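Step one of this worksheet: look at the structure below.
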Amino acid sequence: TLQLSLSLSTLDMTGNYIGDHGGAAVVRGVTKSGSLQTLNLSDNQLAIRTAGALAHTLAHDHAPSFTSLDISWNHLRPADSRDVLKALASNATLKTLSLAWNGIGSAPREHRGDPPAAGKGGTSPQQPKSPQNKSPRSPGGGGEGGGSGLAGESLVHLLKTNKTLTDLDVSNCRLGESICRDLAKALRDSPTLQFVQLDGNRLKDEAAHILRELKERMVSGTLQKFSMARVAFDASRLVLDFDPNNPTGHYILDLADPKQRAVCLAMVAESISRGEDIIRNERLNGSRTSLSLEMLKEGWTPPDTGTFEADVIAYVRGLGLRP
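Counting in this note's numbering, the sequence shown runs without a single skipped number right up to 1428 at its last residue.
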């Protein structure tokens, strides 16, 4: 149906949990849709298959003329993000890109005590609340090395070569301090960029290079707005409480500790209460696991010992940069 559509201009499938196979099928379906300009696949548990389909579609001679692409809040790893970014470097139509809460850069995996950046990917002006005592880990990240550096290099290359991009959201993408100098130069030299969101990346002191270039662009009038909240982290802080009215954050819990186990149980109860899959990127004793809402409703409980690590994502959508 998507392939036959000659009039569809916007396809928004946000939060439908279509999965990686479903995402790849959607991307393949829009390949021949000459009218589609806005594609939003945010929050659908997309990963390597969808990234591959996107990279192939965007590199095709008859690629859709996307002006807006939102694949934020998914499970893209650095290598997946790299392929998409490489394909977009020479794209001649894209204006808005959101990759927020996916893996691009690299960062160490110790706990951070800073609160998460405000901001869900997208283009509407709304933003989520920012918890004051929990820190997120961007989904899809990795350790140092692997595809991380190459994905960061592809982001830099995109900014240097793309001639149409105006809005970029790479908040909470595990960008690390090693990329800051190159990224600062690319942001300085990008000919069209107007809105930039870099919240929640582990840029530390090296963020000063980026901040200087973006401020100079603001003063010169070549940049309209940017956001760099929560770019330094203090690993020494570990504040553990759970506010059901504002649960978003990254949690690392010792299940043998009664208080920390209670936090895990509170997450489960809140997910069931909301009827939403708000617990993401789960790790039990360091191994990836997956807790669906159905499993929680059937009575899943954490073990008595071990470490449980997860992102809790309960948000109001919106990039929040444009007025």
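Just so it is clear, CB atoms sit at the ideal spot from N, CA and C, and this is done for glycine as well. The structure presented is a predicted model; accordingly, all values stated were derived computationally and were not measured.
- Between the alpha carbons of LEU1146 and ALA1164 lies a distance of about 19 angstroms.
- Apart from sequence neighbours up to five positions away, the residues of its chain that approach ASP1272 with a beta-carbon distance below 6 angstroms are THR1201 and PHE1300, ordered along the chain.
- Secondary structure of SER1203 (DSSP, three-state): strand.
- The beta carbon of ALA1194 sits closer than 7 angstroms to the beta carbons of HIS1262, LEU1263, THR1266 and ASN1267 from its chain, once the five residues preceding and following it are set aside; these are given in chain order.
- Bridge partners of ASN1145 according to DSSP: ASP1117 and ASP1175.
- When the five nearest sequence neighbours on each side are left out, the beta carbons in the same chain lying within less than 7 angstroms of the beta carbon of ILE1377 are those of LEU1401 and LYS1402, in order along the chain.
- Contact check between the segment 1359-1373 and the segment 1310-1327: fewer than three CB pairs, one atom from each, fall below 8 angstroms, which does not count as touching.
- Note on ASP1310: under 16 other CB atoms within 10 angstroms of its CB, so exposed under the neighbour-count rule.
- Annotation for ARG1154: no beta strand (DSSP E) segment contains it, though the alpha helix (DSSP H) segment containing it runs 1153-1164.
- For ALA1415, the three-state secondary structure derived from DSSP is strand.
- A straight line joining the alpha-carbon of THR1412 with that of ALA1313 spans about 35 angstroms.
- For GLN1302, the enclosing beta strand (DSSP E) starts and ends at 1300-1302.
- Between SER1173 and GLN1142, the C-beta spacing is below 8 angstroms.
- From the listed residues LEU1308, SER1397 and ARG1388, the smallest Cα separation to ASP1359 is found for ARG1388.
- Non-local beta-carbon contacts of GLY1257 in its own chain, meaning distances under 7 angstroms to residues more than five positions away in sequence, involve ILE1209, GLY1210, LEU1280 and ILE1284 in chain order.
- Nearest C-alpha to SER1203 among ALA1168, SER1170 and LEU1260: LEU1260.
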